[in-house]
Amino acid sequence: MRRKSNNRPNVFYYIKSTWYKGSQPTFFDHQNCPASQILKDNYEVIKTEILDYYNLNADNLDDNYTPYSIAIKGWKAVNLYTLFLKYPQNCRKFPKTDQIINTIPGMNMAMISVMEPGTEIPPHIGDTDGIIRHHLGVSVPIEDPKQVGIKIKSETRGWREGEVLSFCNVHRHCAWNRSSQYRIVLIVDTIREEFIDRKYEIAGNTLAVIAMKQFATKAKFLKKMPFWLMKTFQIIFSYLFRIILYVERKFGMHLMGRR
Numbered sequence: 008m009r010r011k012s013n014n015r016p017n018v019f020y021y022i023k024s025t026w027y028k029g030s031q032p033t034f035f036d037h038q039n040c041p042a043s044q045i046l047k048d049n050y051e052v053i054k055t056e057i058l059d060y061y062n063l064n065a066d067n068l069d070d071n072y073t074p075y076s077i078a079i080k081g082w083k084a085v086n087l088y089t090l091f092l093k094y095p096q097n098c099r100k101f102p103k104t105d106q107i108i109n110t111i112p113g114m115n116m117a118m119i120s121v122m123e124p125g126t127e128i129p130p131h132i133g134d135t136d137g138i139i140r141h142h143l144g145v146s147v148p149i150e151d152p153k154q155v156g157i158k159i160k161s162e163t164r165g166w167r168e169g170e171v172l173s174f175c176n177v178h179r180h181c182a183w184n185r186s187s188q189y190r191i192v193l194i195v196d197t198i199r200e201e202f203i204d205r206k207y208e209i210a211g212n213t214l215a216v217i218a219m220k221q222f223a224t225k226a227k228f229l230k231k232m233p234f235w236l237m238k239t240f241q242i243i244f245s246y247l248f249r250i251i252l253y254v255e256r257k258f259g260m261h262l263m264g265r266r
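Going by the numbering used here, the first residue of the sequence shown is number 8, and it counts up by one from there.
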């Protein structure tokens, strides 16, 4: 749905199972995304740190999840930030990368994403159009989109090492690694520039949407709730998450079991 507020630009949140019909493009021109240049300028440092860790810990990475907490075999991840919520233990494993991404305006999410050989990530959508997602190619086995690529709506692209793909992940998208080697990207989300003064509002609302999806995974009947009730729960959860974000910023505490 889209929220309307005093002529401010609207933000879409994926609460109900309807496809996004907003005006955001599938892919963005990287020249208009400050995050892209920062990531590209620091590629060698980021690559070295990530690959050094991966080569020693490839078998210890956690599974990643699509919406509704569905694990995909062969899709692994290391979370550094999720909508401003920090994972201190993971950030300490990548101190240089952590320092670099914190210079990116509006950075709110960062994750190292690994697709093992033969991995297919089915079509899914993100949670809001209030952010732009950036993929920095860290280790790409082959620069052929048919073998290693991502499809957003009807547009298919491939990753390149040291280059950045920037896109709106609320569009329906899927990805694959049909090669015989692993593919690694650093994923960074940034708040859209026009929403930067509302970044914690957007983070709270989006965390609420994610929490509702996780609850719906365990209690299927929640997916059939009336929209007005779903919206009410989102508002309640949103304010709870905003309080958590404030406490973390103000007191440096890391809540919800993150270390």
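Ideal Cβ placement from N, Cα and C applies to all residues, glycine included.
Our two residues, ILE79 and TYR61, have alpha carbons roughly 19 Å apart in a direct line.
Residue range 126-131 is occupied by the beta strand (DSSP E) that includes ILE128, with no alpha helix (DSSP H) assigned at that position. Burial of VAL18 is indicated by the presence of at least 16 other C-beta atoms within 10 angstroms of its C-beta. Contact between ASN115 and ILE138 holds: CB atoms are separated by about 7 Å, below the 8 Å threshold. For GLN31, the CB contacts under 6 Å within the same chain, skipping 5 residues up- and downstream, are ASP136 and CYS175 in chain order.
Counting other Cβ atoms within 10 Å of its Cβ, MET122 reaches 16 or more and is therefore classed as buried.
Judged by DSSP secondary structure, CYS98 falls within the alpha helix (DSSP H) whose first and last residues are 95-100. For ARG190, the enclosing beta strand (DSSP E) has its first and last residue at 190-198. By alpha-carbon distance to TYR246, the top candidate from GLY211, TRP235 and THR224 is GLY211. Beta-bridge partners assigned by DSSP to ILE119: VAL85 and LEU193.
Between GLY156 and ALA182, the CB-CB gap stays under 8 Å.
Listed as beta-bridge partners of ALA182 by DSSP are ILE128 and ILE157. According to the DSSP secondary-structure assignment, THR163 is paired through a beta bridge with LYS158. The shortest C-alpha to C-alpha distance from LYS238 to any of LYS220, TYR253 and ILE251 is the one to LYS220. In this structure SER146 touches TYR189 by the C-beta definition: roughly 7 Å separates them, less than 8 Å. Between the alpha carbons of GLY113 and ARG205 lies a gap of roughly 10 Å. Leaving aside the five residues that flank PRO16 on each side, the residues in its chain whose CB is nearer than 6 Å to its CB run, in chain order, GLU201. In the displayed model, THR135 falls within a strand according to three-state DSSP.
With respect to the 8 Å criterion, LEU90 and LEU214 are classified as neighbours on the basis of their beta carbons. For ILE111, the three-state secondary structure derived from DSSP is coil. Between HIS180 and LYS158, the CB-CB gap stays under 8 Å.
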